[in-house]
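*Asks:* Here it is, the structure in full.
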Amino acid sequence: MDFGDDVMDGSDAQHRKKRYHRHTPRQIQQLEAMFKECPHPDENQRMQLSRELGLEPRQIKFWFQNRRTQMKAQHERQDNCFLRAENDKIRCENIAMREALRNVICPTCGGPPVADDYFDEQKLRMENARLKEELDRVSSLTSKYLGRPFTQLPPVQPLSMSSSLDLSVGGLGSPALGPSLDLDLLSGGSSGYGHHPAFHLPTAVPEMERPMMAEMATRAMDELIRMAQAGDQLWARAAGPDGREVLNVDTYDSIFSKPGSSFRGPDVHVEGSRDSGLVFMSAIGLVDMFMDSSKWMEFFPAIVSNARTIDVLVNGMAGRSGSLVLMYEELHVMSPVVPTRELCFLRYCRQIEHGLWAIADVSVDLQPCDARFGAPPRSCRLPSGCLIADMANGYSKVTWVEHMEVEDRVPIHLLYRDLILSGAAFGAHRWLAALQRACERCACLATAGMPPRDIAGGNKRAGCCCRVGNLVWYGMAWRGRPRRP
1 MDFGDDVMDG
11 SDAQHRKKRY
21 HRHTPRQIQQ
31 LEAMFKECPH
41 PDENQRMQLS
51 RELGLEPRQI
61 KFWFQNRRTQ
71 MKAQHERQDN
81 CFLRAENDKI
91 RCENIAMREA
101 LRNVICPTCG
111 GPPVADDYFD
121 EQKLRMENAR
131 LKEELDRVSS
141 LTSKYLGRPF
151 TQLPPVQPLS
161 MSSSLDLSVG
171 GLGSPALGPS
181 LDLDLLSGGS
191 SGYGHHPAFH
201 LPTAVPEMER
211 PMMAEMATRA
221 MDELIRMAQA
231 GDQLWARAAG
241 PDGREVLNVD
251 TYDSIFSKPG
261 SSFRGPDVHV
271 EGSRDSGLVF
281 MSAIGLVDMF
291 MDSSKWMEFF
301 PAIVSNARTI
311 DVLVNGMAGR
321 SGSLVLMYEE
331 LHVMSPVVPT
341 RELCFLRYCR
351 QIEHGLWAIA
361 DVSVDLQPCD
371 ARFGAPPRSC
381 RLPSGCLIAD
391 MANGYSKVTW
401 VEHMEVEDRV
411 PIHLLYRDLI
421 LSGAAFGAHR
431 WLAALQRACE
441 RCACLATAGM
451 PPRDIAGGNK
461 RAGCCCRVGN
471 LVWYGMAWRG
481 RPRRP
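Printed below as a string of structure tokens:
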């Protein structure tokens, strides 16, 4: 048995020696040359190689398979080395950029960059303003029902009961509807909310602030022109039959980046829209209307409940090109459950070229830093306005851009939430539609033979009709409208 095993072991060893043998250098050279020309030879090519080299076709097939596997492994090894080197390079660049950001200096103010503490401070300021507002409301209710001021709390403005009635449920004021409802308009009075701004309005702008405001208006004008002429990258078509153009907020923040502009509170939403259309009025007439707060309010009675010119900073040529005015307005929706939006803004007029005008608006913060009642204005008009192109046939092409940031501390009523957030209430589409209707109304009056002076308000009967119509609008809008805290 042992002898038989030895014989079998010897035969297996000889078989292995015959099976595993090296190719000659000539065979390897010819196989390498063939591999360079054709890494995947067919059966005929393998048969020809086997006859030339004295190898079996199966050996040729396995050699090419092994060679392809070896080449693939080499390529993968090279790719891994290259990617590892790129990864190390990117890691070094990342470390260098982090070190540079730690030592960066603002080129404008020369100070350090905005840190995380800055955003924490902003959140604390917002929370502090909200707590002050709640404190003022509770103090007001306490003073009202105790019959005397609450000495442990800051004094609040007394509630006038002579011209208003408390119609809240159970006699308790609701935070959504305010402490009382003004009913002056029902009796024909003219003292509504629109005539009492929630924040202090100066009578004139100090001389030292005028250059800063002029620079702000110039930047707003440049931004307005860029936004009005921008393409699909900045504006997107909203879903719906009208296909309104809505601002892409992320793209806007990346193009018009400002320090701290990307930080918005949780209760702040952005409304941006654009629309264009033909208006039956000359460009000069539209410019005169825009720069006159009285005409501005009369042209948009369903949107603007109150408007006034605070100060004329620059009086341009004939009161048009180059004019810069500081204005105040209140925007409203015909519903008592939607609070008004109060804006104090700069309006800048510039003639870009012959027949092309631009009107730019941008909000300014006139709220004093030590204001005791409430926070700064909730509505902020970012660079907005319109481009007016005279069509030389009595028409003008108007491209309207409306861009606002609104802080909704009180939740929007469910019936009007979609209307407000979609921009249909204060968007460019509504402004342009109201302007077109107003211009058509003026054209009808002119066709009826009324002189231009009467159309502008010189006729007492026409002016009385306008005032009665506006009073109806105000009565519908302000009846039961919530006061600002």
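When you number the sequence shown by the UniProt record's numbering, it's gap-free, plus one each residue, and the end is 485.
Where a beta carbon is used, it is the ideal one built from N, C-alpha and C, also for glycine.
1) Exposed or buried, what is Asp42 when buried is set at 16 or more other beta-carbons lying within 10 Å of its beta-carbon?
2) Just tell me which of Ile352, Leu343, Glu353, Tyr348 has its CA closest to the CA of Ile359.
3) First and last residue of the alpha helix (DSSP H) that includes Phe64?
4) With DSSP as the reference, label Val401 as helix, strand or coil.
5) So what's Gln351 in DSSP terms, helix, strand or just coil?
6) Would you check if the distance between the CB atom of Val401 and the CB atom of Arg320 is smaller than 8 Å?
7) From Met391 to Trp357, what does the alpha carbon distance come to, in whole angstroms?
8) Does DSSP put Ala230 in a helix, a strand or coil?
9) Tell me which residue opens and which closes the alpha helix (DSSP H) that Met291 is part of.
10) With 16 as the cutoff for other CB atoms within 10 Å, does Asn128 come out buried or exposed?
11) If we ignore side chains and look at the alpha-carbon of each, how far apart do Ile284 and Ile105 end up?
12) Using 10 angstroms around the beta-carbon of His403, count the other beta-carbons present and answer buried if the total reaches 16, otherwise exposed.
13) Distance, Cα to Cα, Leu53 vs Phe82?
14) Once DSSP output is grouped into helix, strand and coil, what is the label at Val338?
15) On the CB-based measure, 16 or more other CB atoms within 10 Å of its CB, does Met221 come out buried or exposed?
16) Tell me whether Pro158 sits in a helix, a strand or coil according to DSSP, three-state version.
17) Are Cys382 and Val364 closer than 8 Å when you measure CB to CB?
18) Which residue wins for smallest C-alpha separation from Ser323, given the options Pro336, Asn94, Asp292, Gln29?
19) Just verifying my parser: in three-state terms, what is the DSSP assignment at His429?
20) Are Ala302 and Met334 close, meaning C-beta to C-beta below 8 Å?
21) Can you tell me which of the three DSSP states Pro388 falls into?
22) Out of Gly355, Arg264, Ile388, state which residue places its alpha-carbon closest to the alpha-carbon of Val279.
23) What's the gap between the Cα of Asn87 and the Cα of Pro39?
24) Could you tell me the alpha carbon to alpha carbon distance between Trp296 and Met281, rounded to whole angstroms?
25) Tell me whether Ala238 sits in a helix, a strand or coil according to DSSP, three-state version.
26) What are the boundary residues of the alpha helix (DSSP H) that includes Asp42?
27) What does Phe345 pair with, by DSSP beta-bridge criteria?
28) Any idea what DSSP makes of Ser396, helix, strand or coil?
29) Let me make sure I understand the geometry here. Which of Val304, Glu271, Tyr328 has the alpha-carbon closest to that of Leu419?
30) Output needed for Gln351: all residues of its chain with C-beta closer than 6 Å, excluding positions within five of it in sequence on either side, in chain order.
31) State the start and end residues of the unbroken alpha helix (DSSP H) segment that holds Ser254.
32) Using the rule of at least 16 other Cβ atoms within 10 Å of the residue's Cβ for burial, across every protein chain shown, is Arg46 buried or exposed?
33) Answer with buried or exposed for Thr399, where buried requires no fewer than 16 other C-beta atoms within 10 angstroms of its C-beta.
34) Determine the DSSP secondary structure at Asp267, reduced to helix, strand or coil.
35) Please classify Thr340: is it buried, with 16 or more other beta-carbons within 10 angstroms of its beta-carbon, or exposed?
*Replies:* Let me spell this out:
1) For this step, residue 42 is matched to residue 42 along the sequence shown. Here Asp42 is exposed: its Cβ has fewer than 16 other Cβ atoms, across all protein chains shown, within 10 Å.
2) Taking the first residue of the sequence shown as position 1, residue 359 is located at position 359. Out of Ile352, Leu343, Glu353, Tyr348, Tyr348 has the C-alpha closest to the C-alpha of Ile359.
3) Taking the first residue of the sequence shown as 1, we reach residue 64 at position 64. Run containing Phe64: 57-102, per the alpha helix (DSSP H) assignment.
4) Residue 401 sits at position 401 when you count from the first residue of the sequence shown. Three-state DSSP puts Val401 in a strand.
5) As a first step, residue 351 must be located in the sequence shown, where it is residue number 351. Strand at Gln351.
6) Taking the first residue of the sequence shown as position 1, residue 401 is located at position 401. Taking the first residue of the sequence shown as position 1, residue 320 is located at position 320. No, Cβ-Cβ distance for Val401 and Arg320 is not below 8 Å.
7) Here the question's residue 391 lines up with position 391 in the sequence shown. Here the question's residue 357 lines up with position 357 in the sequence shown. If I take the Cα positions, the gap works out to 12 Å.
8) Locating residue 230 in the sequence shown gives position 230, counting from the first residue. Note: Ala230 maps to coil in three-state DSSP.
9) Indexing the sequence shown from 1 puts residue 291 at position 291. First-last of the alpha helix (DSSP H) with Met291: 283-291.
10) Along the sequence shown, read from residue 1 onward, the residue named residue 128 stands at position 128. In the assembly as shown, Asn128 is an exposed residue. Its beta-carbon has fewer than 16 other beta-carbons within 10 Å.
11) Numbered from 1 along the sequence shown, position 284 holds the residue referred to as residue 284. Numbered from 1 along the sequence shown, position 105 holds the residue referred to as residue 105. Spanning the two alpha carbons is a distance of roughly 47 Å.
12) Position 403 of the sequence shown, counting from 1, holds the residue named residue 403. Buried: at least 16 other Cβ atoms inside 10 Å.
13) As a working mapping, residue 53 is identified with position 53 in the sequence shown. As a working mapping, residue 82 is identified with position 82 in the sequence shown. Roughly 39 Å separates the two Cα atoms.
14) Here residue 338 is taken as the residue at index 338 of the sequence shown, counted from 1. Taken through DSSP and simplified to helix, strand or coil, Val338 comes out as coil.
15) Counted from its first residue, the sequence shown places residue 221 at position 221. Counting Cβ neighbours within 10 Å, Met221 comes out buried, since at least 16 surround it.
16) Counting from 1 along the sequence shown, the entry for residue 158 is found at position 158. With a pLDDT of 39 at Pro158, under the threshold of 50, the modelled position of that residue is not reliable, and no figure is offered here.
17) On the sequence shown, residue 382 is found 382 positions in, with the first residue counted as 1. On the sequence shown, residue 364 is found 364 positions in, with the first residue counted as 1. The question names Cys, but residue 382 in the sequence shown is Leu. No, the pair does not count as a contact, with Cβ atoms beyond the cut-off.
18) Start at 1 with the first residue of the sequence shown, and residue 323 comes out as number 323. The option with the nearest alpha carbon to Ser323 is Asp292.
19) The sequence position of residue 429 within the sequence shown is 429, counting from 1. Helix at His429.
20) Locating residue 302 in the sequence shown gives position 302, where the first residue counts as 1. Locating residue 334 in the sequence shown gives position 334, where the first residue counts as 1. For Ala302 and Met334, yes; Cβs fall inside 8 Å.
21) Start at 1 with the first residue of the sequence shown, and residue 388 comes out as number 388. One point to set straight first is that residue 388 is Ile, not Pro, in the sequence displayed. If DSSP states are grouped into helix, strand and coil, Ile388 belongs with the strands.
22) Looking up residue 279 in the sequence shown gives position 279. Val279 has its Cα closest to that of Ile388, out of Gly355, Arg264, Ile388.
23) As a working mapping, residue 87 is identified with position 87 in the sequence shown. As a working mapping, residue 39 is identified with position 39 in the sequence shown. Per the coordinates, the alpha-carbon of Asn87 lies some 33 Å from the alpha-carbon of Pro39.
24) Here residue 296 is taken as the residue at index 296 of the sequence shown, counted from 1. Here residue 281 is taken as the residue at index 281 of the sequence shown, counted from 1. For Trp296 and Met281, the distance between alpha carbons rounds to 14 Å.
25) Counting from one through the sequence shown, the residue named residue 238 turns up at place 238. Residue state, collapsed to three classes: coil.
26) Residue numbering aside, residue 42 sits at position 42 when the sequence shown is read from its first letter. It is not in any alpha helix (DSSP H) - Asp42 carries neither H nor E in the DSSP assignment.
27) As a working note, residue 345 is residue 345 in the sequence shown. According to DSSP, Phe345 bridges with Met327, Ser363.
28) Looking up residue 396 in the sequence shown gives position 396. Residue state, collapsed to three classes: strand.
29) Within the sequence shown, residue 419 is the residue found at index 419, counting from 1. Ranking the options by Cα distance to Leu419, first place goes to Glu271.
30) One-based indexing of the sequence shown puts residue 351 at position 351. In its chain, beyond the 5 residues on either side, Ser321, Trp357 have a beta carbon closer than 6 Å to the beta carbon of Gln351.
31) Residue numbering aside, residue 254 sits at position 254 when the sequence shown is read from its first letter. Looking at the DSSP string, the run of the alpha helix (DSSP H) that includes Ser254 is 249-255.
32) Within the sequence shown, numbered from 1, the residue matching residue 46 stands at position 46. The residue in question, Arg46, is buried, as its Cβ has 16 or more Cβ neighbours within 10 Å.
33) Numbered from its first residue, the sequence shown carries residue 399 at position 399. Buried, since its Cβ has 16 or more Cβ neighbours within 10 Å.
34) Within the sequence shown, numbered from 1, the residue matching residue 267 stands at position 267. Coil, per DSSP.
35) Residue numbering aside, residue 340 sits at position 340 when the sequence shown is read from its first letter. With 16 or more Cβ atoms within 10 Å of its Cβ, Thr340 is classed as buried.
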